[in-house]
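*Asks:* Sharing a structure below in structure tokens format, with a few things to ask.
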Amino acid sequence: MGKTTLINRLLACNPGWAVKGFRTFMERSPDPDLIGAVYIAPIAPSDWYRKEEARAGIRRLSGMEAFPVTFDRIGARILRESANADLVVMDELGFMENDAQAFQQAVLKTLQGVTPVLGVIKPASTPFLESVRGSPHVHILAVNRDNRDDLLLTASRLITAAVHSFQISRTGTRHQ
-1 MGKTTLINRL LACNPGWAVK GFRTFMERSP DPDLIGAVYI APIAPSDWYR
49 KEEARAGIRR LSGMEAFPVT FDRIGARILR ESANADLVVM DELGFMENDA
99 QAFQQAVLKT LQGVTPVLGV IKPASTPFLE SVRGSPHVHI LAVNRDNRDD
149 LLLTASRLIT AAVHSFQISR TGTRHQ
């Protein structure tokens, strides 16, 4: 089970939560020189989102090309529109965002807020990723082959407690 699968399972166990945020995904290319295109998309359906405008990068056999303007335009907007969520998902943060300053600011602002965040962080070390890891509200759960099945229970407990506490603080009641 990978990180995205873990997130999907956790969200499936809590269908009553208002979940917003983003996912990145890759579509394979038939071009032999390309591995595929990477896109960023909102978790929740959105009227304004157009996949053809959300290509965040290209993976080639020779390496990766990132499009920071896509993160700044699409990714930052997704995070700004996540204000009324019970949980914000960031799947995933990595090195492609190195030059996306508006997106980085939106991520850090979201992490400083009160809404719980469930994210995936690539193991790379960049100034941006280190600032995410160093955020006072961030708890890192490292996923590997040996712990990935047990981690669902640990992550579920942490996230469920955070979401329920947030819901109570916001409304005085817990949503199912």
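Counted the way our numbering counts, the sequence shown spans residues -1 to 174.
Heads up, the beta-carbon is just placed ideally off N, CA and C, and yes, glycines get one too.
(1) Within 10 Å of its beta-carbon, does V112 have 16 or more other beta-carbons around it, so buried, or fewer, so exposed?
(2) Assuming I38 is part of the beta strand (DSSP E), what are its boundary residues?
(3) Given 8 Å as the limit, is there contact between the segment 98 to 113 and the segment 61 to 74, that is, 3 or more CB pairs closer than that?
(4) Cα-Cα, which of I38, E50 and M24 is closest to R57?
(5) Kindly give me the distance between the Cβ atoms of P114 and V161, rounded to whole angstroms, as I take these residues to be in contact under 8 Å.
(6) DSSP has I56 in a bridge; who is on the other side?
(7) Using the three-state DSSP reduction, which class does R143 fall into: helix, strand or coil?
(8) Going by the DSSP bridge assignment, what does T22 pair with across the sheet?
(9) Can you tell me whether L59 is buried or exposed? The criterion is at least 16 other CB atoms within 10 Å of its CB, across all chains shown.
(10) Can you check which of these residues, I41, A52, N145 and T2, is closest to A35 by C-alpha distance?
(11) Looking at the unbroken alpha helix (DSSP H) that takes in V86, where does it start and where does it end?
(12) Would you tell me roughly how many angstroms separate the C-alpha atoms of V105 and G73, rounded to the nearest one?
(13) According to DSSP, is V136 helix, strand or coil?
*Replies:* Let me lay it out:
(1) Here residue 112 refers to the residue found at position 114 when the sequence shown is read from its first residue. It counts as exposed.
(2) As a first step, residue 38 must be located in the sequence shown, where it is residue number 40. Taken as a continuous stretch (DSSP letters only), the beta strand (DSSP E) holding I38 covers L32 to P40.
(3) Yes, the segment 98 to 113 touches the segment 61 to 74.
(4) Position 59 of the sequence shown, counting from 1, holds the residue named residue 57. The shortest C-alpha separation from R57 is found at M24.
(5) For the purposes of this step, residue 114 is taken as the residue at position 116 of the sequence shown. For the purposes of this step, residue 161 is taken as the residue at position 163 of the sequence shown. Between the beta-carbon of P114 and that of V161 there is about 5 Å, and that keeps the pair under the 8 Å contact cut.
(6) Against the sequence shown, residue 56 aligns to sequence position 58. Per DSSP, A35 and E63.
(7) Translated into the one-based positions of the sequence shown, residue 143 becomes position 145. For R143, the three-state secondary structure derived from DSSP is coil.
(8) Here residue 22 corresponds to residue number 24 of the sequence shown, with the count starting at 1. Answer by DSSP bridge pairing, in chain order: I38.
(9) As a first step, residue 59 is located in the sequence shown; it is residue number 61 there, counting from the start. By the beta-carbon neighbour count (other beta carbons within 10 angstroms, threshold 16), L59 is exposed.
(10) Looking up residue 35 in the sequence shown gives position 37. Out of I41, A52, N145 and T2, A52 has the C-alpha closest to the C-alpha of A35.
(11) For the purposes of this step, residue 86 is taken as the residue at position 88 of the sequence shown. Unbroken run through V86 is the beta strand (DSSP E), L85 to L91; no alpha helix (DSSP H).
(12) Position 107 of the sequence shown holds residue 105. Position 75 of the sequence shown holds residue 73. Computed Cα separation, rounded: 9 Å.
(13) What you label residue 136 is simply residue 138 of the sequence shown in a count that begins at 1. Three-state result, V136: coil.
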